[in-house]
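In this note's numbering, the protein residues as written are 3 to 285.
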């Protein structure tokens, strides 16, 4: 029959897996490092996954395709639930799961950070233990006991979640603004001194948050407040780059001539790169 159906451009797809949870029918899975519609009968063609791809790889096209089958969806979702139950049982026995899931890299695996386990999908969801020497201070100091060496917080406002922060907050006016993926302050040890000091901050997770209102909020934030500069700090994993794409799209929509700095942090807590992202007017 002639109907609308989701198509995914494999050349553009980087396998981040952001689209997988956006499909309530479970029609999209990451296979061999690319998001794919695993069965056309599972796709209703309504496009709930649109807007969840930072690479713009997902589109809707009208063409000949099998009819959407609700009973097939119900059976598919029931199978997925059974797989999840079995996986949880294996995890409780402290055994890693090898059962395929929507995002293969979400499966538990213990591996050295310098030698990641082979696989595909979203590296940002892959479990890793990071080898580093144990800090003597961390082993001996009671965190409830104040010490002279405690580093002062550089946070100047609350809230910090982008979902909660109002574009009209006075601290944002002409501010040096830090938009950070929420894993960054955990991974980067010098976050307060090197990144947060002197900046207003908003944090978000481009993978797990409902990001649908974020571009509109950032657009309003840039338009109203005319920030002096925006620094976008995100992790090295591909699915984390979505936060940069949201900021750049908001800058484009707002028409604000604001410098945007892209800063990438490794899972080992090192700054991998820092670059100024040119605006469309500079191209």
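Beta carbons are placed, not taken as given, at the ideal position from N, Cα and C, and that holds for glycine.
Nothing here was measured: the structure is a model prediction, and the numbers come from that model.
Subject >> Euclidean distance between Cα positions of residue 276 and residue 185 >> reply: By 1-based counting over the chain shown, the position of residue 276 is 274. By 1-based counting over the chain shown, the position of residue 185 is 183. Straight-line spacing of the CA atoms in residue 276 and residue 185 works out to 17 Å.
Original post:
Does the count of Cβ pairs from the stretch 191 to 206 and the stretch 155 to 163 closer than 8 Å reach three?
Top reply: Yes, they touch.
Subject >> Length at least 3, wholly inside the stretch 164 to 241: the beta strand (DSSP E) runs in chain order >> reply: Listed in chain order, the complete beta strand (DSSP E) runs (minimum 3 residues) inside the stretch 164 to 241 are 178 to 183, 202 to 206 and 231 to 237.
Subject >> Beta-ladder partner(s) of residue 278, from DSSP >> reply: Taking the first residue of the chain shown as position 1, residue 278 is located at position 276. Listed as beta-bridge partners of residue 278 by DSSP are 263.
Original post:
Is it true that the CB of residue 237 sits closer than 7 Å to the CB of residue 204?
Top reply: Residue 204 sits at position 202 when you count from the first residue of the chain shown. Residue 237 sits at position 235 when you count from the first residue of the chain shown. Cβ atoms of residue 204 and residue 237: not closer than 7 Å.
Original post:
Residues in its own chain within less than 7 Å of residue 60 by CB, not counting five upstream and five downstream?
Top reply: Reading the chain shown from its first residue, position 58 is the one you call residue 60. Excluding sequence neighbours, residue 60 sits near 8, 10, 21, 51 and 52.
**OP:** List the residues that DSSP assigns as beta-bridge partners of residue 69.
**Re:** Working through the chain shown from its first residue, we reach residue 69 at position 67. According to DSSP, residue pairing for residue 69 in a beta bridge does not occur.
Subject >> Between the CA atoms of residue 240 and residue 88 - distance to the nearest angstrom >> reply: Mapped onto the chain shown, residue 88 falls at position 86. Mapped onto the chain shown, residue 240 falls at position 238. No answer about residue 88 holds up, because its pLDDT of 49 lies below 50 and its placement is not dependable.
**OP:** State buried or exposed for residue 153, treating a residue as buried only when at least 16 other CB atoms are found within 10 Å of its CB.
**Re:** On the chain shown, residue 153 is found 151 positions in, with the first residue counted as 1. With fewer than 16 other Cβ atoms within 10 Å, it is exposed.
Subject >> Sub-7 Å separation of residue 202 and residue 235 beta-carbons >> reply: In the chain shown, the residue the question calls residue 202 occupies position 200. In the chain shown, the residue the question calls residue 235 occupies position 233. Between residue 202 and residue 235, the C-beta gap is not smaller than 7 Å, which leaves the two residues out of contact.
Original post:
For residue 62, which option in 4, 19 and 278 has the closest C-alpha, if you only look at C-alpha atoms?
Top reply: Position 60 of the chain shown, counting from 1, holds the residue named residue 62. Of the candidates 4, 19 and 278, the one whose C-alpha sits nearest the C-alpha of residue 62 is 4.
**OP:** May I ask you to list the residues that DSSP assigns as paired with residue 30?
**Re:** One-based indexing of the chain shown puts residue 30 at position 28. According to DSSP, which records beta bridges pairwise, residue 30 is partnered with 39.
Subject >> Cβ-Cβ separation, residue 278 to residue 261 (assumed contact under 8 Å), whole Å >> reply: For the purposes of this step, residue 261 is taken as residue 259 along the chain shown, with counting starting at 1. For the purposes of this step, residue 278 is taken as residue 276 along the chain shown, with counting starting at 1. Contact flag correct, Cβ pair sits at about 6 Å.
Original post:
Should residue 272 be labelled buried (16 or more other beta-carbon atoms within 10 Å of its own) or exposed?
Top reply: Within the chain shown, residue 272 is the residue found at index 270, counting from 1. Per the 10 Å Cβ criterion, exposed.
**OP:** Out of 270, 221, 23 and 259, state which residue places its alpha-carbon closest to the alpha-carbon of residue 170.
**Re:** By one-based count along the chain shown, residue 170 stands at place 168. Ranking 270, 221, 23 and 259 by Cα distance to residue 170 puts 221 first.
Original post:
Can you find at least 3 beta carbon pairs, one from the stretch 40 to 49 and one from the stretch 253 to 267, that sit closer than 8 Å?
Top reply: Fewer than three Cβ pairs drawn from the stretch 40 to 49 and the stretch 253 to 267 lie within less than 8 Å of each other, which leaves the two stretches out of contact.
Original post:
If you drop the 5 nearest sequence neighbours on each side, which residues of the same chain put their C-beta closer than 7 Å to that of residue 281?
Top reply: Counted from its first residue, the chain shown places residue 281 at position 279. Closer than 7 Å at the Cβ level, and outside the excluded window around residue 281, lie 253 and 259.
Original post:
For the alpha helix (DSSP H) that residue 254 lies in, which residues bound it at each end?
Top reply: Residue numbering aside, residue 254 sits at position 252 when the chain shown is read from its first letter. Taken as a continuous stretch (DSSP letters only), the alpha helix (DSSP H) holding residue 254 covers 244 to 256.
**OP:** Flag residue 5 as yes when its Cβ comes closer than 6 Å to any non-hydrogen atom of the ligand SAH, and as no otherwise.
**Re:** With respect to small molecules bound, the structure shown includes none, and the ligand SAH cannot be examined in it.
Original post:
With DSSP run on the structure shown, which of helix, strand or coil describes residue 131?
Top reply: For this step, residue 131 is matched to residue 129 along the chain shown. Confidence at residue 131 is low in this model, with a pLDDT of 47, below 50, so its placement is unreliable and no value can be given for it.
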